[in-house]
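S.K.: Quick one: this structure, given as structure tokens, is what I'll be asking you about.
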Amino acid sequence: MQSIDNLDSLAERLLEANQVGALTGAGMSKESGIQTFREKDGLWKKFRPEELANVDAFLANPDRVWEWYNWRRDLMSNVKPNPGHYALAELDDLISKFILVTQNIDNLHNEVGSKHVIELHGNIRKNKCQSCKKPFETGWLDFSEGKLPHCDCGGLIRPDVVWFGEMLPSQAIEDAWQAAAKSDVYFSIGTSTVVYPAAALPFEAKIHGAYLIEINPDRTDLSSIADLVIRMPSGEALPQIIEAVQKRKDQS
Ligand code: APR
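Per numbering that gives the first Met the number 0, the very first residue in the sequence shown carries number 0; after that it's consecutive.
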């Protein structure tokens with residue numbers, strides 16, 4: 000197991016911070032068994048996002064897009080949070096204020112009870128009408144008779160996730176932007192930092208004076224400006240950081 004240098008001073012910095020922020024990406028859920036998008040065996044290597052994750056693709060071939068999301072939902076229904084998710088949830092009770100922004104739609108941060116989760120790209124367990132945007136109950140829709148679910152307005156029901164070319168939920172991105180600007184310490188965890196506007200958040204935090212920490216086994220565009228780069232899987236790094244914060248807090 001790798002270890003992190005200067006863990007004690009990092010723990011002190013987190014305890015002294017008025018506000019800590021984090022942006023998580025698909026790498027956060029890799030150790031839960033969910034594939035990322037852009038690694039060599041990633042989802043976008045096997046499937047074409049332009050055929051599956053945008054409105055035109057959905058309207059042109061809703062069956063195929065629903066098939067793709069039902070396949071992902073089935074995969075995710077057996078997936079459990081990993082130690083990294085639990086560690087971030089513990090941070091809520093250890094430091095003054097922790098705002099967790101995620102690009103992930105897998106619901107895992109909610110599942111472990113993280114208190115302030117901002118879901119920038121939606122949540123695969125939620126649905127909405129493509130036409131009137133009416134939200135539909137979470138969980139699975141019934142496709143048994145083989146026909147596609149429709150809203151009572153006549154519109155097609157779709158997963159409530161943000162597709163390429165779509166705007167992010169305005170309140171979510173506004174809150175995430177604010178949180179980045181106010182953070183004294185900001186984590187970028189398990190994201191390739193290539194999809195905007197989410198990818199801009201760690202840079203925004205840094206511009207506003209945050210101590211920027213990247214947790215990712217691989218290099219990203221953020222690596223060169225991060226104050227601390229932890230080249231480890233998040234499921235290993237985060238528990239070590241939280242343990243150090245807990246120990247430091249117990250000593251004070
Ligand atoms: N711990 C931390 N990071 C990891 C781990 C791990 N165990 N395993 C892989 N990673 C890193 C990879 O090296 C990569 O840099 O996680 C990152 C995942 O990058 P992407 O696959 O691009 O996923 P993400 O950054 O979340 O993509 C952003 O793009 O396709 C859209 O909507 C989709 O939300 C997604 C967005």
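C-beta: ideal position from N, C-alpha, C; glycine also.
Which value, in whole angstroms, describes the spacing of the CA atoms of PRO82 and ASN69?
M.R.: 26 Å
S.K.: Quick check on this structure: which residue in LYS125, GLY32, ALA21, CYS128 has the alpha carbon closest to the alpha carbon of SER113?
M.R.: In this structure, ALA21 is the residue among LYS125, GLY32, ALA21, CYS128 with its C-alpha nearest to the C-alpha of SER113.
S.K.: Which stretch, first to last residue, makes up the beta strand (DSSP E) that contains SER187?
M.R.: Boundaries of the beta strand (DSSP E) around SER187: 184-188.
S.K.: If we count the other Cβ atoms within 10 Å of its Cβ and call it buried at 16 or more, is GLN239 buried or exposed?
M.R.: buried
S.K.: Do ILE229 and ILE254 count as a contact pair if the criterion is CB distance below 7 Å?
M.R.: Missing from the structure shown is residue 254; the chain here goes from 0 to 251 and no further.
S.K.: Below 8 Å on the Cβ atoms is my contact criterion, and I expect ASN17 with PHE163 to pass it. Report the Cβ-Cβ distance as a whole number of Å.
M.R.: Actually they do not touch by this definition, with Cβ atoms about 36 Å apart.
S.K.: Tell me which residue opens and which closes the alpha helix (DSSP H) that PRO216 is part of.
M.R.: From DSSP, PRO216 is part of no alpha helix (DSSP H); its letter is neither H nor E.
S.K.: With distance defined between alpha-carbon atoms, name the residue in ALA243, GLU11, ASP62 nearest to LEU252.
M.R.: What the structure shows of the chain is the stretch from 0 to 251, and residue 252 is not part of that stretch, so it cannot be assessed.
S.K.: What first and last residue would you give for the alpha helix (DSSP H) that runs through GLU242?
M.R.: 233-250
S.K.: Tell me the start and end of each unbroken alpha helix (DSSP H) in the stretch 149-176 that is at least 4 residues and wholly inside, in chain order.
M.R.: none
S.K.: Could you give the distance in angstroms between the alpha-carbon of ILE94 and the alpha-carbon of GLY154?
M.R.: 45 Å
S.K.: Among PRO134, ARG71, ASP91, whose alpha-carbon lies nearest the alpha-carbon of LEU51?
M.R.: Here the closest residue by C-alpha is ARG71.
S.K.: Once the 5 residues before and after CYS152 are set aside, which same chain residues still bring their CB inside 8 Å of it?
M.R.: CYS128, SER130, CYS131, LYS133
S.K.: From what residue to what residue does the beta strand (DSSP E) around VAL228 run?
M.R.: Boundaries of the beta strand (DSSP E) around VAL228: 227-229.
S.K.: Just to confirm, is the Cβ distance from VAL19 to VAL244 under 7 Å?
M.R.: In this structure, VAL244 does not lie closer than 7 Å to VAL19 by Cβ.
S.K.: What does a CB cutoff of less than 8 Å around LYS246 pick up in its chain, not counting 5 residues either side in sequence?
M.R.: ALA10
S.K.: On a Cα-Cα basis, can you pick out the residue from TYR210, ASP159, ALA175 that is closest to ILE252?
M.R.: With the chain covering only 0 through 251, there is no way to say anything about residue 252.
S.K.: Below 7 Å between beta carbons: does that hold for ALA86 and LEU237?
M.R.: yes
S.K.: Would you kindly work out how many angstroms separate the C-alpha atoms of ASP91 and ALA178, rounded to a whole number?
M.R.: 15 Å
S.K.: Using the DSSP secondary-structure output, state which residues sit across from CYS128 in a beta bridge.
M.R.: ILE156
S.K.: Taking VAL78 as the reference, give the member of LEU107, ALA199, ASN60, GLN102 with the closest Cα.
M.R.: LEU107
S.K.: Give the C-beta separation of LYS125 and ASP159 to the nearest angstrom, bearing in mind that I take them to be a contact with Cβ-Cβ under 8 Å.
M.R.: 4 Å
S.K.: Just to confirm, is the Cβ distance from LEU227 to ILE212 under 7 Å?
M.R.: yes
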